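Residues in the sequence shown are numbered from 2 upward in steps of one, following the UniProt record's numbering. The structure appears right after this line, and notes come after that.
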Amino acid sequence: TETAERWVPPDADVAELRRAARDCRGCELWEPATQVVFSAGDVDAALMLIGEQPGDVEDREGIPFVGPAGRLLQRAVEDAGLARDELYVTNAVKHFRFTLRGKRRIHQTPQVSHVLACQPWLAAEIRNVRPELIVVLGATAARSVLGAGFRVTKSRGTVLEAETLVGPARVLATMHPSAVLRLRGEEHDRAYADLVADLHTAGEALR
Ligand code: URA
Ligand code: SF4
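Take a look at the structure:
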């Protein structure tokens with residue numbers, strides 16, 4: 002199967018990767034999407050946050066985590082005592098996957114094939130940024146970084162020395178902000194508090 006590999010320029014820095022990703026045809030997701038959504042934040046950050054894929058708003062704006070899930074994440078980052086400019090933020094899959102329901106574009110979870118196709122971009126980003134700690138947000142990012150056997154619900158919230166996409170690295174897994182958004186009432190409040198606590202743990206691991 003096709004992957005992004007042949008679109009990823011060798012020895013490129015993040016700015017060059019970002020530019021090259023506009024032309025990626027590593028899987029079929031590029032075609033219905035508006036544009037590629039690469040990353041945001043500091044390319045020298047100690048902390049790298051990896052989400053699933055851009056959403057509807059991100060697809061239109063070309064910037065990760067600027068929609069509803071992004072706002073929740075931003076609040077959680079601040080409540081955890083981190084500054085967004087200490088972070089490098091990206092996604093496991095760089096194009097928005099959706100189905101049309103009338104005029105509405107409904108988010109669809111990327112398939113394993115999309116995650117695998119997009120891995121060369123993520124690997125190149127991790128090798129460039131060389132974060133002290135990688136935070137995977139949810140199952141899709143966890144699958145890309147840690148492999149299919151990893152279970153976020155079993156291992157969340159602790160700093161792991163793990164074998165990853167790019168070799169041994171420190172990783173902390175937590176819930177995806179979109180999953181927190183879907184909950185209501187007490188469940189939502191508990192999940193949000195857990196997300197903040199996990200991000201706080203990540204920050205503490207750097208100091
Ligand atoms: N959800 C993600 O995983 N990434 C984004 O950029 C936005 C929402
Ligand atoms: Fe390339 Fe990833 Fe977009 Fe697929 S989702 S076209 S692999 S950038």
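Using N, Cα and C, we set each Cβ at its ideal position, and we do this for glycine too. Remember, predicted model here, so these are calculated numbers, not experimental data.
Fill in: residue 267 versus Gly139 - alpha carbon distance
The displayed coordinates of the chain run from 2 to 208. Any statement about residue 267 would go beyond what the structure contains.
Discussion item. Would you say Glu164 lies against chain C (beta-carbon separation less than 8 Å)?
Written reply: No chain C appears in the structure shown, which is made up of a single protein chain.
Discussion item. I'd like the list of long-range same chain contacts for His177, defined as Cβ closer than 7 Å, with 5 residues on each side in sequence excluded.
Written reply: For this step, residue 177 is matched to residue 176 along the sequence shown. For His177, where only same-chain residues beyond five positions count, the Cβ hits under 7 Å are Gly52, Glu53, Leu138 and Gly139.
Worksheet item: Does the distance from the C-beta atom of Glu164 to that of Val15 stay below 8 Å?
Response: Locating residue 164 in the sequence shown gives position 163, where the first residue counts as 1. Locating residue 15 in the sequence shown gives position 14, where the first residue counts as 1. No, these two residues do not count as a Cβ contact at 8 Å.
Worksheet item: Taking the DSSP output, what are the residues bridged to Leu88?
Response: Position 87 of the sequence shown holds residue 88. Leu48, per the DSSP bridge assignment.
Practice prompt. Below 8 Å on the Cβ atoms is my guess for Leu48 versus Ala203; work out the distance and round it to an integer in Å.
Written response: Here residue 48 is taken as the residue at index 47 of the sequence shown, counted from 1. Here residue 203 is taken as the residue at index 202 of the sequence shown, counted from 1. So it is a contact: roughly 6 Å between Cβ atoms.
Worksheet item: Taking only runs of the beta strand (DSSP E) that begin and end inside the segment 138-190, which ones reach a length of at least 3 residues, in chain order?
Response: 161-165 and 168-175
Item to complete: Please name the residue or residues paired with Gly42 in a DSSP beta bridge.
Response: Locating residue 42 in the sequence shown gives position 41, counting from the first residue. According to DSSP, which records beta bridges pairwise, Gly42 is partnered with Tyr89.
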